[in-house]
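Below: one structure, written as structure tokens.
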């Protein structure tokens, strides 16, 4: 047999313990369409067809036909079956993987693991500390379920349809910042802060948790109504935070929080504090420190305040699925959760 370039191409020699009739009988019993097509091409070779004719009968070229013939000679009828690639070598041994499964099924302990639910980044950190194996949480993303996210209505000036800039009551944000800068002494540096409050009570939320497929994990749920308010403010540029836990959410509590934020502002700096238009933020009795200027956000636009994301993170990973014994216990957990975040700017 002569190839297209004039080189001699060796004929295909198949094993002698099979013949065309037996190979076709195997093809009739197979449910793998690709295996059937390859067996029929090999049956044509047994019948004396040329390599070109047999390859055309199987819908392949001659070299591929020869490769499948070699697999057939070595492994028999199972040779022409596609095999799944083995993939990369697992980083965890079966024993280590079984330990991770037990850890997830047994649940987490806040005092030991620092979370009220397992996240991928928490599990990879535990695996690295326990076994010294570094894993990328993105590699696990295909086996995880997305956490539910509470949506909020878009603000009046932030809809994708209009794409207009944010306009507080006194003008566009950069213009308002320039107005504040002009009122301050020269060389006064500005800090942009965001402030908000969250109510933490005994009747808290339940988060999604890892569980074996087909099972429903349980979590404690309290029906009592004692609560506290977590006042939080952050300066993303500096990575600093100021928080207070208060029994009420009113002007007096807000005055205490403003004093705490004022103490966190660097000397010689001035803070622009962005916050919503709650009544205790706009009260005439509010005592604003001289190194802070309040700048209200548009109404019904919580997506403009990054502290909203901080509340969701704290609830999902530190404060939810918990039973608080009393008010003092709520205060202790809120302080621990806030200080943990403040220590990780």
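Numbering (our numbering), first residue to last: 2 to 346.
All residues carry an ideal CB built from backbone N, CA and C; glycine is no exception.
What you are looking at is a predicted structure, and each value in this text was computed from that prediction instead of being measured.
Query                                                                                                                                                                               : Result
With 16 as the cutoff for other CB atoms within 10 Å, does residue 232 come out buried or exposed?                                                                                  : buried
Indicate the three-state DSSP secondary structure (helix, strand or coil) for residue 192 in the structure shown.                                                                   : strand
What distance in whole Å lies between the Cβ atoms of residue 56 and residue 63, which are believed to be in contact at a cut-off of 8 angstroms?                                   : 5 angstroms
Can you tell me the Cα-Cα spacing of residue 318 and residue 188, whole angstroms?                                                                                                  : 41 angstroms
Between which two residues does the alpha helix (DSSP H) harbouring residue 30 extend?                                                                                              : 21 to 30
Just to confirm my understanding: we take residue 240, look at its own chain, exclude 5 residues before and 5 after, and list those with CB closer than 7 angstroms. What are they? : 346
With burial defined as no fewer than 16 other Cβ atoms inside 10 Å of the residue's Cβ, what is the status of residue 211: buried or exposed?                                       : buried
Looking at the secondary structure, which residues open and close the alpha helix (DSSP H) in which residue 246 lies?                                                               : Looking at the DSSP string, residue 246 is not in any alpha helix (DSSP H); the run it does join, the beta strand (DSSP E), is 241 to 247.
Identify whether residue 198 lies in helix, strand or coil by the three-state DSSP scheme.                                                                                          : strand
Where do the ends of the alpha helix (DSSP H) carrying residue 331 lie?                                                                                                             : 328 to 343
Would you call the stretch 43 to 59 in contact with the stretch 17 to 31, where contact means no fewer than 3 C-beta pairs closer than 8 angstroms?                                 : yes
From residue 199 to residue 230, what does the alpha carbon distance come to, in whole angstroms?                                                                                   : 6 angstroms
So, is residue 213 buried or exposed, given that buried needs 16 or more other C-beta atoms within 10 angstroms?                                                                    : exposed
DSSP on residue 89, reduced to helix/strand/coil?                                                                                                                                   : coil
Does the Cβ of residue 1 have 16 or more other Cβ atoms within 10 Å, making it buried, or fewer, making it exposed?                                                                 : Nothing about residue 1 can be reported from this structure: the residues present for the chain run from 2 to 346 only.
I need the straight-line Cα distance from residue 134 to residue 322, nearest angstrom please.                                                                                      : 30 angstroms
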